[in-house]
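J.: Below is the structure I would like to discuss, written out as structure tokens.
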Amino acid sequence: MSQSFRTPAKRINPHGAAHAGTGHFIAQRVSAIALAIVLPVFVVTLALSGAPDSFAARSYFASPFGAIVSLLTLTAALYHMRLGLQVVVEDYIHTVATRTALLVLNSLLAAGLWLAAAYALLTLAL
Amino acid sequence: MANAHSRPIAPHLSVWRWHATMLSSILHRATGIGNYLGAVALVIWLVLLATNSEPLVGFLFEGPMEWVTRIGLIALTWSASYHWFNGLRHLAWDAGTGFDPQGSNLRSLIIIVLSVIATAAIWFAALTGGAS
Chain A
-13 MSQSFRTPAK
-3 RINPHGAAHA
7 GTGHFIAQRV
17 SAIALAIVLP
27 VFVVTLALSG
37 APDSFAARSY
47 FASPFGAIVS
57 LLTLTAALYH
67 MRLGLQVVVE
77 DYIHTVATRT
87 ALLVLNSLLA
97 AGLWLAAAYA
107 LLTLAL
Chain B
58 MANAHSRPIA
68 PHLSVWRWHA
78 TMLSSILHRA
88 TGIGNYLGAV
98 ALVIWLVLLA
108 TNSEPLVGFL
118 FEGPMEWVTR
128 IGLIALTWSA
138 SYHWFNGLRH
148 LAWDAGTGFD
158 PQGSNLRSLI
168 IIVLSVIATA
178 AIWFAALTGG
188 AS
């Protein structure tokens, strides 16, 4: 009657899933849809701009179109790649200390790169 | 520790015959990591341009480093192209379509070919239509 179907592992670790996976899944797909649209626009217009010649690249990033497309693409890309590398680290790195350090580094790097990219694009465009 | 190692593990990569979907799955991860490195490089280039660091920009794009940088950019273009095409397939999978084994194998090969064609087209445009 009162027989428990819980496994021994479940009894000592009752917390189960973190219930944060669905948000991660959706965010990964939404940023993927954004990139499906903006990445080709960014790559093709940058390729035709005359970059990597310094003068041509600067005038591309300084143009309203170039600055906005670059900022949209890098924002979506940095968000998407932070989520993606998080999964790679969680899949392959099993030592808790190393995994935690890499996850924190991944988050800080993505956020720092976004701020640096936004600063650089605003400097070039304004 | 002993318990963790004695448990069954999957997939046994070494006993599987290689097939196209297996390659495309591994490539999706590999190109994702490649694109991460490419985005880091792209932001560094933007900061160099914004801070007027001409000697460093010149070092990367002129002289002996010119073709090293260009080959890196061509590799990044292919990596981003492949991840873009295969990402569309992942979105289709998420919508619940495209799981048949034969069709999946065929689409894996089509995606690899398309990513090479896209890379060639982008670089043809860049080297002929661009200013330099």
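Chains A and B supply the protein sequences, listed in that same order.
Mapping of the first sequence onto the working numbering: residues -13 to 112, in sequence order.
Mapping of the second sequence onto the working numbering: residues 58 to 189, in sequence order.
Even for Gly, the Cβ is constructed at its ideal location relative to N, Cα and C.
Quantities reported herein were computed from a predicted structural model and do not represent experimental measurements.
(1) Determine which residues of the region 141 to 170 of chain B have a Cβ less than 8 Å from any Cβ of chain A, and write them out in chain order.
(2) Does the separation of the CB atoms of L25 of chain A and L107 of chain A fall below 8 Å?
(3) Going along chain A in order, which residues have a C-beta closer than 8 Å to the C-beta of A96 of chain B?
(4) Among B:V97, B:P158, B:L133, which has the Cα closest to the Cα of N92 of chain A?
(5) Provide the residue span of the alpha helix (DSSP H) that contains R74 of chain B, from first to last.
(6) Measure the C-alpha to C-alpha separation of W124 of chain B and F118 of chain B and round it to an integer number of angstroms.
(7) Does the CB of G70 of chain A have a neighbour CB from chain B at under 8 Å?
(8) Along the region 70 to 94 of chain B, where does the CB come closer than 9 Å to a CB of chain A? Name the residues.
(9) How would you list, in chain order, the residues of chain A whose beta-carbon sits under 8 Å from the beta-carbon of A137 of chain B?
(10) Pick helix, strand or coil for N92 of chain B, following the three-state DSSP scheme.
(11) Could you tell me the distance, in whole angstroms, from the CA atom of V104 of chain B to the CA atom of A103 of chain A?
(12) Compute the distance between the beta-carbons of H147 of chain B and T88 of chain B, then report whether it is under 8 Å.
(13) Measure the beta-carbon distance from V115 of chain A to R68 of chain A and round it to whole angstroms, keeping in mind my assumption that it falls under 8 Å.
(14) For S40 of chain A, return the contacting residues in chain B, with the cut-off set at a CB-CB distance below 9 Å.
(15) Does chain B have any CB closer than 8 Å to the CB of R15 of chain A?
(16) Classify K(-4) of chain A: buried if its beta carbon has 16 or more other beta carbons within 10 angstroms, exposed otherwise.
(17) Which residues in chain B have a C-beta closer than 8 Å to the C-beta of A22 of chain A? List them in chain order.
(18) To which residues of the same chain is P158 of chain B closer than 8 Å at the C-beta, ignoring the five residues directly before and after it?
(19) Distance, Cα to Cα, F28 of chain A vs A48 of chain A?
(20) Taking Cβ positions only, does V100 of chain B come closer than 8 Å to chain A?
T.: This is what the structure holds:
(1) Shown in chain order are the members of the region 141 to 170 of chain B whose Cβ falls below 8 Å from a Cβ of chain A: W141, G144, L145, H147, L148, D151.
(2) no
(3) L60, A63, L64, M67, L99
(4) Ranking B:V97, B:P158, B:L133 by Cα distance to N92 of chain A puts B:V97 first.
(5) Unbroken run through R74 of chain B: none, as it is neither H nor E.
(6) 8 Å
(7) yes
(8) R86, G89, I90, N92, Y93
(9) Result: L25, V29.
(10) helix
(11) 7 Å
(12) no
(13) The structure shown has nothing for residue 115 of chain A, since chain A only spans -13 to 112.
(14) Chain B residues near S40 of chain A: L106, E111, V114, G115, F118.
(15) Taking 8 Å as the threshold, the shortest C-beta distance from R15 of chain A to chain B falls below it.
(16) exposed
(17) Ordered by position in chain B, the residues that pass the 8 Å Cβ test against A22 of chain A are W141, G144, L145, L148.
(18) T78
(19) 14 Å
(20) yes
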